[in-house]
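Here is the structure we will look at.
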Amino acid sequence: MKGGAASGASLLLAVIQGRPWNEAKRKRMPTETTAHPPLNAIRHTAAHLLAHAVKDLYPDAKLTIGPATEQGFYYDFDRKEPFTPDDLTRLEERMKELIAADLPMTGREISRPDAITRFTAEDEPYKVELIHGIPQDEPLSLYTIGSFTDLCRGGHVHSSAEVGAVKLLSVAGAYWRGDEHNPMLQRIYGTAFPTQGELDAYLQFLEEAQRRDHRKLGRELGLFSIEEDAGGGLIFWHPKGTAVRQIVEQFIREGLVERGYLPVITPHVVHEHLYEISGHLENFAQNMFGPLEVEGQRFRLKPMNCPGHILIYRSEARSYRDLPLRYSEFGTVYRFERSGTLHGLTRVRGFTQDDAHLFCAPEQLQGEFEQTVEEALRLLHAFNFTDFQFFLSTREQRGGTDEIAEAAIRNALDRFGMPYELDEGGGAFYGPKLDINLSDAIGRKWQLGTVQVDFVLPERFGLKYRGADGEDHRPVMIHRALAGSMERFFGVLIEHFAGAFPAWLAPVQVAIAPISEHQLEYARQTARALRARNFRVEVDESNEKLGYKIRHWKLQKVPYILVVGKQEAADGTVAVNERGIEERRAPVAVETFAEELAQRVAERR
RNA sequence: GCCGUUGUAGCUCAGUGGUAGAGCACUUCCUUGGUAAGGAAGAGGUCAUGGGUUCAAUCCCCAUCAACGGCUCCA
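Numbering follows this note's numbering, in which position 412 of the first sequence is assigned residue number 425; successive positions increment by one, without gaps.
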């Protein structure tokens, strides 16, 4: 791709023009409505009503905090007995009574000593702790609805009736103040909307999201599995999942070749010593699998590809004429993740990054960085992703080089006019980074691509190149993975398309359904002809009626089903049943259909 | 890792203190069919694993493992 702001901007424009699911997601996940009062006030008040109900039914529960969230609200309680699903039903009933009673919500200021006295007397230790954490100059306020009064900074509707419709969804553990050294509280999640209709629409959205869940589709469509006998977080790519992955990889490879990347391959297991040099052992050990002892030597599974690529760089004397040097690898890495965090394809213990490391002179940094951002946009565009966000993560203790790196990132983003959010202190141990996040079916955000500037590892490994001035200089590194990991990218991709991959990506592009076994040979022959053109084709050889076969392949979300009966076999044609198109088409010659499909594949749709 | 829930056939799920069921999928036979489920028969389970209570455990208790919903952590 030829670089430049103009192409970047037009690309971006194209990216912004969304696809159905993105729009549907926005519509059906009404995080904002035009309704008055605003949703977050409704939900904040709903959280108070939940606390009211809990205090009514389970007076021993201690109050903590209960905010509105993007999709609803929660309230955390400290209580010995766990809340059961039955408890949730009872609490929801009680909340509905409170809503029906149309109780006014009133707020008033309270002095600090009075507040402490009050909550101490009520035996609400968490509230007292909260008060101590609030800055002295900030006024404190109490909000009362019905018989329930809570410490709260406000943002409520005027009465419980305005809450409209509520639903309690789940109960989960949550640490007090999010710190795992603190006691575990019980968090009750719920959501609220001005009207029952909007609530129903949201619940319907959640159901639709469940149908899109990549773990469910992965099994139904035969894409991948996770095997108990092998361990959690380790992915088995089945033939159909592998087919999709290879197409994605092929797409990425094409971009790499165009941009002058050099493919490399590095070992999965190396001496632990390498990670002493790189600093991984010092900074990343809690995410690494433990050492393997062989003949008294300690080896480690690789958690990142960078040290390997650095060794390749360092294996020869380098000149400024060699730079930038761009090494790419679909590199499989293994990271230890705590068991409770594993999640389908999106949080795993072994994954393959579309990784690359760019070694460049400092003055080349800006240009190289911009290219990677542009490339990231190309990737997102090709897969119809529009629902992404950029995050800039900075290092906690910055050196001077971090300032340079940060500036490079900001300049690149500004150049493409990309908005981004800032995550102070969230950077990698070797430098600041730019992350690309995408949402899954229910709006959970996952980090996919990442571009990181690194002055540290070149230093640690003593990397250098001979400059035009005859002196040695230190190169700068950019680490970049644009899809991030093939696993996570695939997970988000499955949900994005609800398993109905466009023809160019579909693991089975064409299913051929003979009407009776008399046409089986013709079906096989047609399949051979299409496979000869590199299409992915299956013949339905089952002893079933046509309706059954159609249903089967529709459920498999195959883009094309070709029906062949007596007439088609005689004419050398196929009757095309295209996914998403209801009306029947007149049969066409096999070659005509092949051209149509070839066109779609070429256009990646 | 922590809190909670769950674990019965390949999948989705019923069920009982006296060693188990359905639908789909699978196999075979009949059927040879025109766009979302034709009929019949059959096979398939150490009821997650290991202990304990009991005359007897898939069911009750404990532990472990795994999955799920979160929290924490985080590429």
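Backbone N, C-alpha and C define an ideal beta-carbon position, used for all residues, glycine too.
Who are the near neighbours of residue i in its chain, counting only those whose CB is closer than 7 Å to its CB and skipping five residues on each side?
i: residue 35; result: Confidence in residue 35 is poor, its pLDDT being 41 and thus under 50, which makes the residue's placement too unreliable to answer from.
i: residue 542; result: 603
i: residue 312; result: 282, 283, 284, 285, 304 and 305
i: residue 77; result: 89, 90, 91, 139, 189 and 198
i: residue 287; result: 320
i: residue 537; result: 552
Does the beta-carbon of residue i have 16 or more other beta-carbons within 10 angstroms, so that it is buried, or is it exposed?
i: residue 443; result: buried
i: residue 70; result: exposed
i: residue 284; result: exposed
i: residue 197; result: exposed
i: residue 532; result: buried
i: residue 391; result: buried
i: residue 331; result: buried
i: residue 93; result: exposed
i: residue 615; result: exposed
i: residue 199; result: buried
i: residue 47; result: Only weak support exists for where residue 47 lies, its pLDDT of 45 falling under 50; the value from the coordinates is given anyway. It is exposed - the Cβ of residue 47 has fewer than 16 other Cβ atoms within 10 Å.
i: residue 73; result: exposed
i: residue 23; result: Reliability of the predicted coordinates at residue 23 is poor, the pLDDT of 31 falling under 50, and the value obtained from them is presented with this limitation in mind. The residue is exposed, with fewer than 16 neighbouring Cβ atoms inside 10 Å.
i: residue 619; result: Since the first and last residues shown for the chain are 14 and 618, residue 619 lies out of range.
i: residue 270; result: exposed
i: residue 58; result: buried
i: residue 236; result: buried
i: residue 203; result: buried
i: residue 496; result: buried
Spatial neighbours of residue i within its chain, please: C-beta separation below 8 Å, excluding the five flanking residues on both sides.
i: residue 292; result: 442, 443, 469, 470 and 473
i: residue 41; result: Low per-residue confidence applies at residue 41: pLDDT is 38, beneath 50, and the placement is therefore not dependable, though the value from the model is reported in the following sentence. Answer for residue 41: 214, 215, 217, 218 and 221, listed in chain order.
i: residue 618; result: 515, 516 and 517
i: residue 254; result: 231, 235, 236, 237, 503 and 520
Between the Cα of residue i and those of the options, spot the shortest distance and give me the residue it belongs to.
i: residue 557; options: 543, 426 and 527; result: 527
i: residue 240; options: 493, 383 and 251; result: 251
i: residue 273; options: 322, 381, 440 and 285; result: 381
i: residue 578; options: 602, 550, 535 and 164; result: 535
i: residue 87; options: 182, 171 and 449; result: 182
i: residue 501; options: 68, 194, 143 and 226; result: 226
i: residue 449; options: 115, 387 and 335; result: 387
i: residue 547; options: 563, 608, 403 and 229; result: 608
i: residue 333; options: 114, 486 and 424; result: 486
i: residue 147; options: 131, 205 and 166; result: 166
i: residue 100; options: 132, 117 and 67; result: 67
i: residue 12; options: 335, 50, 258 and 133; result: A query on residue 12 cannot be resolved here, the shown segment of the chain reaching from 14 to 618 and no further.
i: residue 174; options: 512, 596, 115 and 437; result: 115
i: residue 457; options: 242, 356 and 418; result: 356
i: residue 581; options: 529, 460 and 568; result: 529
i: residue 314; options: 349, 520 and 329; result: 349
i: residue 417; options: 563, 467 and 327; result: 467
i: residue 112; options: 510, 568 and 209; result: 209
Taking Cβ positions, are residue i and residue j nearer each other than 8 Å?
i: residue 341; j: residue 275; result: yes
i: residue 62; j: residue 158; result: yes
i: residue 389; j: residue 462; result: yes
i: residue 540; j: residue 571; result: no
i: residue 264; j: residue 395; result: yes
i: residue 359; j: residue 318; result: no
i: residue 610; j: residue 522; result: yes
i: residue 566; j: residue 584; result: no
i: residue 379; j: residue 421; result: yes
i: residue 171; j: residue 207; result: no
i: residue 176; j: residue 55; result: yes
i: residue 404; j: residue 436; result: yes
i: residue 137; j: residue 229; result: no
i: residue 246; j: residue 141; result: no
So, under 8 Å CB-CB, residue i and residue j are touching, yes? Tell me the CB distance rounded to an integer number of Å.
i: residue 153; j: residue 125; result: 6 Å
i: residue 347; j: residue 363; result: 5 Å
i: residue 372; j: residue 337; result: 6 Å
i: residue 606; j: residue 576; result: Not a contact, Cβ separation roughly 12 Å.
i: residue 108; j: residue 179; result: 5 Å
i: residue 323; j: residue 277; result: Not really, about 11 Å apart at Cβ, beyond 8 Å.
i: residue 128; j: residue 164; result: 7 Å
Within a Cβ cutoff of 6 Å, which residues of the same chain sit near residue i, ignoring the five residues on either side of it in sequence?
i: residue 366; result: 344, 494 and 498
i: residue 440; result: 406, 407, 408 and 446
i: residue 105; result: 181
i: residue 60; result: 79, 86 and 88
i: residue 513; result: 570
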